[in-house]
Amino acid sequence: MVVVGAGLTGLWTAYYLSKADPRLRITVLEAEVAGFGASGRNGGWCSALFATGWDRLVAASSEAEALRLHRAMQETVTEVGRVVAAEGIEADYRRGGTITLARTPVQLARLQDQVALAHSRGFTEEDERMLDAGESAEMLAAPDTLGAAFTPHCAAIHPAKLVRGLARVVESQGVTVHEGTRVRSIAPGLVVTDTGTVRAEVVVRATEGYTALLPGARRTLAPVYSLMVATEPLDEAVWAQIGLADRPTFSDGRHLIIYGQRTADGRLAFGGRGAPYHFRSRIRPSYDVEPRVFADLERVLRSMLPQLGGARITHRWGGCLGIARDWATSVGLDRRTGLAWAGGYVGDGVATTNLAGRTLADLVTGADSDLVTLPWVGHRSRSWEPEPLRWLGINAGLRAMGLADAEEERTGRPSAVARLMAPLIGGH
Ligand SMILES: Cc1cc2nc3c(=O)[nH]c(=O)nc-3n(C[C@H](O)[C@H](O)[C@H](O)COP(=O)(O)OP(=O)(O)OC[C@H]3O[C@@H](n4cnc5c(N)ncnc54)[C@H](O)[C@@H]3O)c2cc1C
968 MVVVGAGLTG
978 LWTAYYLSKA
988 DPRLRITVLE
998 AEVAGFGASG
1008 RNGGWCSALF
1018 ATGWDRLVAA
1028 SSEAEALRLH
1038 RAMQETVTEV
1048 GRVVAAEGIE
1058 ADYRRGGTIT
1068 LARTPVQLAR
1078 LQDQVALAHS
1088 RGFTEEDERM
1098 LDAGESAEML
1108 AAPDTLGAAF
1118 TPHCAAIHPA
1128 KLVRGLARVV
1138 ESQGVTVHEG
1148 TRVRSIAPGL
1158 VVTDTGTVRA
1168 EVVVRATEGY
1178 TALLPGARRT
1188 LAPVYSLMVA
1198 TEPLDEAVWA
1208 QIGLADRPTF
1218 SDGRHLIIYG
1228 QRTADGRLAF
1238 GGRGAPYHFR
1248 SRIRPSYDVE
1258 PRVFADLERV
1268 LRSMLPQLGG
1278 ARITHRWGGC
1288 LGIARDWATS
1298 VGLDRRTGLA
1308 WAGGYVGDGV
1318 ATTNLAGRTL
1328 ADLVTGADSD
1338 LVTLPWVGHR
1348 SRSWEPEPLR
1358 WLGINAGLRA
1368 MGLADAEEER
1378 TGRPSAVARL
1388 MAPLIGGH
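Taken in order, the sequence shown gives residues 968 to 1395; the numbers are from the working numbering.
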């Protein structure tokens, strides 16, 4: 078995495969170091969020199957907690749920609609519920909050500690991880690297946001950037004013995605989209640094939590994640060629990679499990358009979300821009 990419997808796959069959010879090839990609630098929401739109899942299967997949995601949040405890991985795992604030009447109405919709689909108050302004403030004291949606299905984790810890565990199980080994091409049974060729029955492509760099895969997953900032550790007195005592992850009801967590060492780590997609799916270290986006993130964070006062931002970073043309996440194994893959998590990969790893292990070993029939297994998206259409479409979608928020702020009404752009970006 060869796994290309030592992020969470590759390492969870290696973990469950070596557990399932310790005799398997498993080699993980990583261009940089284990955890170099999104897995080592994300927002640490180990959540039950699944990127594929509900309607798309139902169209491909049924309401019951879509619900089964979401239930599997909820169990995955538990499973990650189980493994980190069992394997002694110090990943600061804390299952405090997620609070999504409503900071305008439009956001409140949208969150209420979303919770009602979730209940009509079979989720319960135990899965998602509205908090009134008082309950919300008790959890997270952000000014001008009218209420919030809350779900318990999320744990905050330290991403780099999780992925590096997992790499150590798989090595201790006998898996070989070759860092500094860039794969140049993948073919059935054959992986070519800068320093040699590896033959294997099964090859797993676990390169997510970097997939476009592989020959023949440029239009498979578009690399889209998400950027983050983190404050210095805050005093207990400041935390007493902010809340987040149980470390729930947090966001608000705007269109342009933002995400935050209270870290175990007392910082606020806060991120969001807003960085552009780069022409021809290019990926460069310099794209992780966008002063305009960092400034926007800092402005939003300080307006959300003025209790921060003069606390300094000490870290700024970013990374790329992968999006398929239909915004659907997928995992699969082509039995004819032995080529397997997982990815297209659209920024919801921390827990989903674990489900992907367990699913790939079952597919490879031929286990007749409930996982291999979940409705994302074997899904294939069509390819992205050639340039310049890809660049135009993705950046229009990204920009539309920012414009939609500005429009809502100006008019106090739900954005027409967001409604218009939904089909272009897949409705997510
Ligand atoms: C800033 C940011 C914040 C995020 N926040 C969250 C969050 O809070 N919650 C959440 O659920 N998701 C979040 N995500 C998304 C999540 O991190 C990813 O979906 C997930 O980590 C993907 O894991 P992966 O192993 O598939 O990919 P990666 O972690 O990107 O790993 C791919 C690996 O493959 C290696 N590689 C690539 N090409 C080659 C090659 N040719 N040869 C050898 N190796 C190669 C790379 O170096 C990399 O190490 C965030 C992403 C970013 C960028």
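Glycine residues also receive a C-beta, built at the ideal position from the N, C-alpha and C atoms.
Since this is a predicted model, take the numbers as computed values, not measurements.
Taking 7 Å as the cut-off, is the beta-carbon of residue i closer than that to any non-hydrogen atom of ligand 1?
i: alanine 1189; result: no
i: serine 1139; result: no
i: leucine 1181; result: yes
i: serine 1248; result: no
i: arginine 1008; result: yes
i: serine 1348; result: no
i: alanine 1307; result: no
i: glycine 1227; result: no
i: threonine 976; result: yes
i: glycine 1241; result: no
i: tryptophan 1012; result: yes
i: glycine 1399; result: Outside the displayed range of the chain (968 to 1395) lies residue 1399, so it cannot be described from this structure.
i: phenylalanine 1003; result: yes
i: serine 1193; result: yes
i: glycine 1324; result: no
i: glutamate 1042; result: no
Using the C-alpha atoms, what's the distance from residue j back to residue i?
i: threonine 1112; j: alanine 1076; result: 13 Å
i: tyrosine 982; j: glycine 1310; result: 17 Å
i: leucine 1201; j: leucine 1107; result: 15 Å
i: valine 1137; j: isoleucine 993; result: 10 Å
i: glutamate 1046; j: histidine 1120; result: 12 Å
i: arginine 1302; j: histidine 1037; result: 26 Å
i: arginine 922; j: glycine 1220; result: The question about residue 922 has no answer, for the chain in this structure spans 968 to 1395.
i: arginine 1266; j: glycine 1238; result: 12 Å
i: proline 1243; j: tryptophan 1284; result: 15 Å
i: alanine 1083; j: methionine 1097; result: 9 Å
i: glycine 1048; j: alanine 1318; result: 10 Å
i: threonine 1332; j: threonine 1043; result: 20 Å
i: glycine 1176; j: phenylalanine 1003; result: 12 Å
i: valine 1050; j: leucine 1359; result: 42 Å
i: tyrosine 1060; j: proline 1355; result: 42 Å
i: tryptophan 1012; j: alanine 1058; result: 12 Å
i: proline 1273; j: proline 1110; result: 8 Å
i: glutamate 1102; j: glycine 1114; result: 8 Å
i: histidine 1395; j: leucine 1365; result: Unreliable positioning characterises histidine 1395 in this predicted model, as indicated by a pLDDT of 31, which lies under 50. A coordinate reading is not provided.
i: alanine 1027; j: alanine 1295; result: 11 Å
i: leucine 948; j: valine 995; result: Here the chain has residues from 968 to 1395 only, and residue 948 is not among them.
i: glycine 1393; j: alanine 1204; result: The predicted model places glycine 1393 with a pLDDT of 43, which falls under 50 and marks its position as unreliable, so this point remains unresolved.
i: arginine 1380; j: glutamate 1092; result: 27 Å
i: threonine 1187; j: glutamine 1041; result: 28 Å
i: valine 1144; j: threonine 976; result: 14 Å
i: glutamate 1032; j: aspartate 1022; result: 12 Å
i: glycine 1055; j: leucine 1129; result: 10 Å
i: aspartate 1080; j: phenylalanine 1090; result: 14 Å
i: arginine 1166; j: alanine 1123; result: 38 Å
Please report the residue range of the alpha helix (DSSP H) in which residue i lies.
i: methionine 1040; result: 1030-1054
i: threonine 1012; result: Position check: residue 1012 holds tryptophan in this sequence, whereas threonine was assumed. Careful: tryptophan 1012 lies outside any alpha helix (DSSP H), inside the beta strand (DSSP E) at 1012-1014.
i: leucine 1365; result: 1356-1378
i: threonine 1326; result: 1316-1332
i: serine 1270; result: 1258-1271
i: glycine 1297; result: Going by the sequence as given, residue 1297 is serine instead of glycine. That residue, serine 1297, is in no alpha helix (DSSP H); its beta strand (DSSP E) goes 1297-1301.
i: histidine 1086; result: 1072-1087
i: leucine 1129; result: 1126-1139
i: valine 1025; result: 1021-1027
i: valine 1205; result: 1203-1209
i: threonine 1148; result: Per DSSP, threonine 1148 belongs to no alpha helix (DSSP H) and is neither H nor E.
List the endpoints of the continuous beta strand (DSSP E) containing residue i.
i: glycine 1286; result: 1280-1290
i: glycine 1183; result: From DSSP, glycine 1183 is part of no beta strand (DSSP E); its letter is neither H nor E.
i: tyrosine 1226; result: 1225-1229
i: threonine 994; result: 994-996
i: tryptophan 1308; result: 1306-1310
Between residue i and residue j, which are expected to be in contact by the criterion C-beta below 8 Å, what is the C-beta distance as a whole number of angstroms?
i: valine 1073; j: glutamate 1375; result: 5 Å
i: leucine 1181; j: isoleucine 1153; result: 6 Å
i: valine 1384; j: threonine 1174; result: In fact, because the Cβ distance is near 33 Å, the residues do not count as touching under 8 Å.
i: histidine 1086; j: valine 1196; result: With a Cβ gap of about 35 Å, histidine 1086 and valine 1196 do not count as contacting.
i: leucine 1034; j: arginine 1088; result: 7 Å
i: leucine 1396; j: leucine 1133; result: The structure shown does not extend to residue 1396, since the chain is modelled only from 968 through 1395, so no value can be given for it.
i: phenylalanine 1017; j: aspartate 1315; result: 6 Å
i: serine 1348; j: arginine 1292; result: 5 Å
i: isoleucine 954; j: arginine 1240; result: With the chain running from 968 to 1395 in the structure shown, residue 954 is simply not present.
What does DSSP give as the partner residue(s) for residue i in the beta ladder?
i: threonine 1065; result: Thr1118, Thr1216
i: isoleucine 1153; result: Val1158
i: glycine 1101; result: Paired residues: none, contrary to the question.
i: leucine 1194; result: Gly1239, Gly1285
i: alanine 1123; result: Trp1012, Arg1061
Measuring from the CB of residue i, is there a heavy atom of ligand 3 at a distance below 7 Å?
i: arginine 1149; result: The model depicted lacks ligand 3 and carries ligand 1 instead.
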